[in-house]
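The structure appears below as structure tokens.
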């Protein structure tokens, strides 16, 4: 086995026994990236020199006897999370040459934990999308089939983990952007509760649902990363002050007697026979493990997408208003001497891609005089209903399960001409985002050699339960052991 | 349904996006289709929803009101991003005509 294929847990054991060094581990990842990323195109920026410097530093810390779960572990970051001195582009022409003057809180935490940053991964521009086809630079390929998308928006991170470019990656999830690509690439994608991980230094998309989370090869590894990145931060007033649980502690505890709900709306007629079959197999597996599985109804689930596509563009229209091309970002070549307004129009009109423009306009429309009540206020009201429905189900049940996505990865170019079709990707993942709940996608099987994910949703701040259920399922199945042949 | 040209022009202006005639037409059609889909929200009864309901606990994060000196490299990086600078300050066009 090559070192880059290790899980965090396996690498930790070898590093602690001094059987391998952080430098060797980092070199193995760099070699894999250099040999394979020409085909996958998961990375926007590779940081070879600084990665090796960090690895040497980690080895020195290990030699001094320092212990740490992520000390010397190489990782990649979605290119929407700020890294001081390293380009952060958001996969947008607008920020093609932007260099952040400070680190995001999660990066600062990983730095001090001694994790080794390898580079920055591709995404849909400003995280607007579900396939990475909206990247202003290139589309990432799915390691399971290079003709297909890796999902999105954290598609670069998902593909990189699936192709063993790193031991883990960070993604961000606003309405499914960690979970859906995890489903398409057969990796673990964990979206924490809203407010569990600091958003400071994550470029804002939808401030009321954005959250950073890990993408890993196993559930246990997701728990390890969460313990490092979660928790209070004075730079983000929406972060919870609640103590961060020891997520690894009860992860292996049996789920005998645990109550699992499956919404009948998630097994509807529009779902293919193959997806339903994988879900039925998952239900059987949970029953074998001693859990009680009950079918429930969540009638407001279907409104998740229309609600999401009002709330999200509304917040985007205001969050992206800061990008005017003066303090930083794209500046039009158009001549000086124009009015200030004309300069704004040129900078923004030329700097943003089509989906970003659509969302800014949709949000501006929904918030504009005369439409606010019909769209924004209505969407917020339905959001409350969706949230109450999920919360009340989670008072009776420990977790809710659904397929992560309604189908396996689609072909590149297959549905990017119709923005609405792309929005429907979020059918099962938007609800937990709107309600701020923790949810994970883990491998649940394959349809014609293409992976699919199972989503497990928990009550707010009950990440430990979600990880426990996911870990039990993973240990009882072999799906996560399948590797893309690339 | 498609947003008519006056509406889409108004939205583009409010959004501070300079768009070509082709773009205006295309986005008008696409936004119209998306809004028609979103119109299904009208069928949901929200008369009992208390819109002041808060999702999550909010609290103030207090900080002492003091200036923190930024390290030189951070300040340098920030200034290098600007379109135009003068005397270590970012220069912008007149706001008031």
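Chains as they are written, first to last, in this note's numbering: chain A, 25 to 510; chain B, 36 to 132.
The beta carbon of each residue, even a glycine, is placed where N, CA and C say it ideally should be.
Going by the CB atoms, is the gap between residue j and residue i shorter than 7 angstroms?
i, j, result
"residue 154/A", "residue 385/A", "no"
"residue 209/A", "residue 174/A", "yes"
"residue 49/A", "residue 27/A", "yes"
"residue 511/A", "residue 113/A", "No answer is possible for residue 511/A: it lies beyond the span of chain A, which begins at 25 and ends at 510."
"residue 3/A", "residue 455/A", "Here chain A comprises residues numbered 25 to 510, so residue 3/A is not present and cannot be evaluated."
"residue 234/A", "residue 223/A", "yes"
"residue 226/A", "residue 128/A", "yes"
"residue 76/B", "residue 402/A", "yes"
"residue 322/A", "residue 422/A", "no"
"residue 97/A", "residue 139/A", "yes"
"residue 191/A", "residue 32/A", "yes"
"residue 371/A", "residue 387/A", "no"
"residue 22/A", "residue 504/A", "Outside the shown range of chain A (25 to 510) lies residue 22/A, about which nothing can therefore be said."
"residue 314/A", "residue 280/A", "yes"
"residue 285/A", "residue 334/A", "no"
"residue 228/A", "residue 102/A", "no"
"residue 46/B", "residue 395/A", "no"
"residue 102/B", "residue 351/A", "no"
"residue 510/A", "residue 216/A", "no"
"residue 253/A", "residue 133/A", "yes"
Am I right that residue i and residue j are in contact with their C-beta atoms under 8 angstroms? What's the rounded C-beta distance?
i, j, result
"residue 203/A", "residue 411/A", "With 8 angstroms as the limit, residue 203/A and residue 411/A do not qualify as a contact, their Cβ atoms being about 18 angstroms apart."
"residue 189/A", "residue 61/A", "7 angstroms"
"residue 104/A", "residue 161/A", "So it is not a contact: roughly 13 angstroms between Cβ atoms."
"residue 436/A", "residue 163/A", "6 angstroms"
List, in order along the chain, the chain A residues whose C-beta lies closer than 8 angstroms to that of residue i?
i, result
"residue 47/B", "385"
"residue 66/B", "382, 385, 386 and 389"
"residue 56/B", "Correct list: empty, because the minimum Cβ distance to chain A is about 12 angstroms."
"residue 112/B", "108, 109, 123, 124 and 125"
"residue 86/B", "401, 404, 405 and 408"
Going by DSSP, what residue range makes up the alpha helix (DSSP H) through residue i?
i, result
"residue 37/B", "Counting along the chain, residue 37/B falls outside any alpha helix (DSSP H), and DSSP gives it neither H nor E."
"residue 385/A", "378 to 391"
"residue 497/A", "487 to 500"
What are the start and end residues of the beta strand (DSSP E) that includes residue i?
i, result
"residue 307/A", "Residue 307/A -> not in any beta strand (DSSP E); alpha helix (DSSP H) instead, spanning 297 to 312."
"residue 47/A", "No beta strand (DSSP E) contains residue 47/A, which is instead part of the alpha helix (DSSP H) from 46 to 64."
"residue 513/A", "Given a span of 25 to 510 for chain A in the structure shown, any question on residue 513/A remains unanswerable."
"residue 319/A", "316 to 320"
Strictly below 7 angstroms CB to CB, what residues from chain A border residue i?
i, result
"residue 50/B", "341, 384, 385 and 388"
"residue 183/B", "The question about residue 183/B has no answer here: the residues shown for chain B are numbered 36 through 132."
"residue 40/B", "The contacting residues do not exist; residue 40/B stays about 14 angstroms from chain A at best."
Anything in chain B within Cβ reach of residue i, meaning under 7 angstroms, just list it in chain order.
i, result
"residue 352/A", "116 and 117"
"residue 474/A", "Within chain B, no residue comes near residue 474/A; the closest Cβ sits about 27 angstroms away, beyond 7 angstroms."
"residue 349/A", "118"
"residue 454/A", "Under the 7 angstroms cutoff, chain B gives no residues; its nearest Cβ is about 13 angstroms from residue 454/A."
Please list the partners that residue i has in chain A, where partner means a Cβ-to-Cβ separation under 9 angstroms.
i, result
"residue 104/B", "What residue 104/B touches in chain A: nothing, since even the nearest Cβ is about 14 angstroms away."
List, in chain order, every chain B residue whose beta-carbon is nearer than 8 angstroms to that of residue i.
i, result
"residue 331/A", "76"
"residue 504/A", "Ordered by position in chain B, no residue passes the 8 angstroms Cβ test against residue 504/A, which lies about 32 angstroms from the chain."
"residue 367/A", "128"
"residue 258/A", "96 and 98"
Taking Cβ-Cβ distances shorter than 9 angstroms, what residues in chain B pair up with residue i?
i, result
"residue 372/A", "50, 51, 52 and 53"
Does the distance between the C-beta of residue i and the nearest non-hydrogen atom of the ligand PLP fall short of 6 angstroms?
i, result
"residue 50/B", "By its list of ligands, the structure shown contains no ligand whatsoever, and the ligand PLP lies outside what it can speak to."
### Message
Output needed in chain order: residues of the region 402 to 420 of chain A with a Cβ under 8 angstroms from some Cβ in chain B.
### Response
Flagged, chain order: 402, 403, 404, 405, 406, 407, 408, 409 and 411.
### Query
Between the region 276 to 300 of chain A and chain B, which residues of the former have a C-beta closer than 9 angstroms to a C-beta of the latter?
Here the close residues number zero.
### Query
Which of the residues in the region 68 to 84 of chain B, read from start to end, lie with their CB under 7 angstroms from any CB of chain A?
Result list: 68, 69, 72, 73, 75, 76, 79, 81 and 84.
### Query
What residues in the region 429 to 445 of chain A bring their beta carbon closer than 7 angstroms to a beta carbon of chain B?
443 and 444: these are the residues of the region 429 to 445 of chain A whose beta carbon lies less than 7 angstroms from some beta carbon of chain B, given in chain order.
### Query
For the region 141 to 168 of chain A, which residues have a beta carbon sitting closer than 8 angstroms to at least one beta carbon of chain B?
So nothing in the stretch comes that close.
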